[in-house]
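All remarks here apply to the structure that follows.
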Amino acid sequence: MLRTSLAVYGWLNWAARGYQRASSYIASSCGLFVLIDTEESEFLSTRPIITKFVQEIQNNMFILFCIFLVLAVIAHILTKKTSLDVWKEIKFILDRYQEKCFPDNKEKDLHRVTLFRLEKRSLFRRHWSSKSWLNFRGHCRLFSNFLVPVLRSGHINGKSNTFFQVGSDQNYEGVAGLAFRQKSQVTVKNLPDLSSPLMEKVKDRKRLITEYAQQTNCKREMIEKWVGLGKTVPRSIAATPVEVNGQIWGVLVLDSTSPETLSAESVSDYTVVIAVIGKLLERM
1129 MLRTSLAVYG WLNWAARGYQ RASSYIASSC GLFVLIDTEE SEFLSTRPII
1179 TKFVQEIQNN MFILFCIFLV LAVIAHILTK KTSLDVWKEI KFILDRYQEK
1229 CFPDNKEKDL HRVTLFRLEK RSLFRRHWSS KSWLNFRGHC RLFSNFLVPV
1279 LRSGHINGKS NTFFQVGSDQ NYEGVAGLAF RQKSQVTVKN LPDLSSPLME
1329 KVKDRKRLIT EYAQQTNCKR EMIEKWVGLG KTVPRSIAAT PVEVNGQIWG
1379 VLVLDSTSPE TLSAESVSDY TVVIAVIGKL LERM
């Protein structure tokens, strides 16, 4: 079923993009024909067949442009429909993978699979270090690159506003940023429990947050902000880069509030999920 879906997606995408390219090329060529003066051209003066062909195009230019416009609209609809189908298929894969990794857990929002996409040279992302809307970038630079969530498994919280900065220097945030930089899978387990009663004591709170930040490749201030906002803080995380056409497209992150949920089997299956998602994204 999945192989058939991939073939259908590939054919539809090829057809739609073919229509778009052909329409744009032919429309541009026809536009050049308008500029040709068949009576003054020395080249056409000795070539009656080509002259007749150019004149026919010039006489039917309006009809031709209408045809190309219709083809362009059809191509746009087909491309958009194919993209929506691909996203639905990826969402289905994330949900099924989540169910396989956590079959006995009914609270799906505590065990998540999230797909992050690389967003280059972003301008309007409000970084976590921002303390006011006047300085919405915080300490990160303008036109920085970010890993932005595009899909998440489950039905309780299908969206996320958590994103991580990635750059050419040392600004690679989170386990996702670390996997992106290393171009390989990164797994961390047994992270400190930031919801434990020890958090009530100032010294223990500072120690636990510092340990968590160090193990997850985050700044301490970022974790403090998450805890203060009451966000779900995972205790085990696995992140793997997603490649599309030989380039890193983004990162797939599996996280859980359980410290030992990520088994060797689930991580092994993880690589298969990555490969399938990468192939699906190539059809877009």
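Residue numbering for the sequence shown is 1129 to 1412, as defined by our numbering. Even for Gly, the Cβ is constructed at its ideal location relative to N, Cα and C.
Subject >> Burial state of His1239, where buried means 16 or more other Cβ atoms lie within 10 Å >> reply: Here residue 1239 refers to the residue found at position 111 when the sequence shown is read from its first residue. Buried: at least 16 other Cβ atoms inside 10 Å.
Original post:
Can you give the beta carbon distance from Leu1382 to Val1241, rounded, assuming they're within the 8 Å contact cut?
Top reply: Here residue 1382 is taken as the residue at index 254 of the sequence shown, counted from 1. Here residue 1241 is taken as the residue at index 113 of the sequence shown, counted from 1. Correct: roughly 5 Å between the Cβ atoms.
**OP:** For the beta strand (DSSP E) containing Trp1377, list its first residue and its last residue.
**Re:** If you number the sequence shown from 1, residue 1377 lands on position 249. Counting along the chain, the beta strand (DSSP E) containing Trp1377 begins and ends at Gln1375 to Ser1384.
**OP:** Please look up how many angstroms separate the CB atoms of Leu1409 and Val1379, rounded, as I've assumed it's under 8 Å.
**Re:** As a working mapping, residue 1409 is identified with position 281 in the sequence shown. As a working mapping, residue 1379 is identified with position 251 in the sequence shown. Contact flag wrong, Cβ pair sits at about 13 Å.
Original post:
So what does Arg1245 bridge to, in DSSP terms?
Top reply: Counting from 1 along the sequence shown, the entry for residue 1245 is found at position 117. In the DSSP output, where bridge partners are listed per residue, Arg1245 has Val1276 and Gly1378.
Subject >> C-alpha gap between Val1400 and Ser1384, whole angstroms >> reply: Numbered from its first residue, the sequence shown carries residue 1400 at position 272. Numbered from its first residue, the sequence shown carries residue 1384 at position 256. When rounded, the distance between both Cα atoms is 20 Å.
Subject >> Helix, strand or coil at Val1330 [DSSP, three-state] >> reply: Your numbering for residue 1330 matches position 202 in the sequence shown. Residue state, collapsed to three classes: helix.
Subject >> Beta-bridge pairing of Ser1250 - partner residues as DSSP gives them >> reply: One-based indexing of the sequence shown puts residue 1250 at position 122. According to DSSP, Ser1250 bridges with Ser1272.
**OP:** Buried or exposed for Ser1364, please, with buried defined as at least 16 other CB atoms from any protein chain shown within 10 angstroms of its CB.
**Re:** As a first step, residue 1364 is located in the sequence shown; it is residue number 236 there, counting from the start. Ser1364 is buried by the Cβ-count criterion.
Original post:
DSSP beta-bridge partners for Ala1366?
Top reply: Taking the first residue of the sequence shown as 1, we reach residue 1366 at position 238. According to DSSP, Ala1366 bridges with Thr1315 and Leu1382.
**OP:** Use the C-beta contact count for Leu1270: other C-beta atoms within 10 angstroms, 16 or more gives buried, fewer gives exposed.
**Re:** As a first step, residue 1270 is located in the sequence shown; it is residue number 142 there, counting from the start. Flag for Leu1270 reads exposed.
**OP:** May I have the straight-line CA-CA distance separating Arg1265 from Lys1347, to the nearest angstrom?
**Re:** Here residue 1265 refers to the residue found at position 137 of the sequence shown. Here residue 1347 refers to the residue found at position 219 of the sequence shown. Going from the Cα of Arg1265 to the Cα of Lys1347 covers about 16 Å.
Original post:
Candidates Lys1317, Arg1333 and Asn1318: which alpha carbon is nearest Ser1324's?
Top reply: Walking along the sequence shown from the start, residue 1324 turns up at place 196. Checking every option, the nearest Cα to that of Ser1324 belongs to Arg1333.
Subject >> Neighbour-count burial assignment, Arg1224, 16 or more Cβ in a 10 Å radius >> reply: Here residue 1224 corresponds to residue number 96 of the sequence shown, with the count starting at 1. Burial call: exposed.
Original post:
Which class does Glu1339 belong to by DSSP, given the choice of helix, strand or coil?
Top reply: Position 211 of the sequence shown, counting from 1, holds the residue named residue 1339. Three-state result, Glu1339: helix.
Original post:
Leu1380 CB to nearest chain D CB: under 8 Å?
Top reply: In the structure shown, chain D does not exist; there is a single protein chain.
**OP:** Look at the alpha carbon of Leu1319 and the alpha carbon of Arg1309, and state the distance between them as a whole number of angstroms.
**Re:** Sequence index remark: in the sequence shown, residue 1319 carries index 191 (1-based). Sequence index remark: in the sequence shown, residue 1309 carries index 181 (1-based). One C-alpha to the other measures close to 21 Å.
Subject >> 6 Å CB neighbourhood of Leu1243 in its chain, flanking five on each side removed >> reply: To locate residue 1243, count along the sequence shown from 1; it is residue 115. Cβ neighbours of Leu1243 beyond the five flanking positions: Val1278, Leu1279 and Leu1380.
Original post:
Quick one, are the C-beta atoms of Lys1248 and Asn1273 less than 8 Å apart?
Top reply: Taking the first residue of the sequence shown as 1, we reach residue 1248 at position 120. Taking the first residue of the sequence shown as 1, we reach residue 1273 at position 145. Cβ atoms of Lys1248 and Asn1273: closer than 8 Å.
Original post:
Do Lys1353 and Trp1256 have their C-beta atoms within less than 8 Å of each other?
Top reply: Here the question's residue 1353 lines up with position 225 in the sequence shown. Here the question's residue 1256 lines up with position 128 in the sequence shown. It is a contact, given that the beta carbons lie within the stated cut-off.
Original post:
Does DSSP put Thr1399 in a helix, a strand or coil?
Top reply: Along the sequence shown, one-based indexing puts residue 1399 at 271. Helix.
Subject >> Per DSSP, cross-strand counterpart(s) of His1255 >> reply: For the purposes of this step, residue 1255 is taken as the residue at position 127 of the sequence shown. None, per the DSSP bridge assignment.
**OP:** Can you tell me the Cβ-Cβ gap for Val1303 and Val1314, rounded? I've got them flagged as a contact below 8 Å.
**Re:** Translated into positions along the sequence shown, residue 1303 becomes position 175. Translated into positions along the sequence shown, residue 1314 becomes position 186. That belief holds up - the Cβ atoms of Val1303 and Val1314 are roughly 5 Å apart, short of 8 Å.
Subject >> Close beta carbons around Ser1258, own chain, < 7 Å, minus the five adjacent residues each side >> reply: Within the sequence shown, numbered from 1, the residue matching residue 1258 stands at position 130. Excluding positions up to five away in sequence, the list reads Phe1264, Arg1265 and Gly1266.
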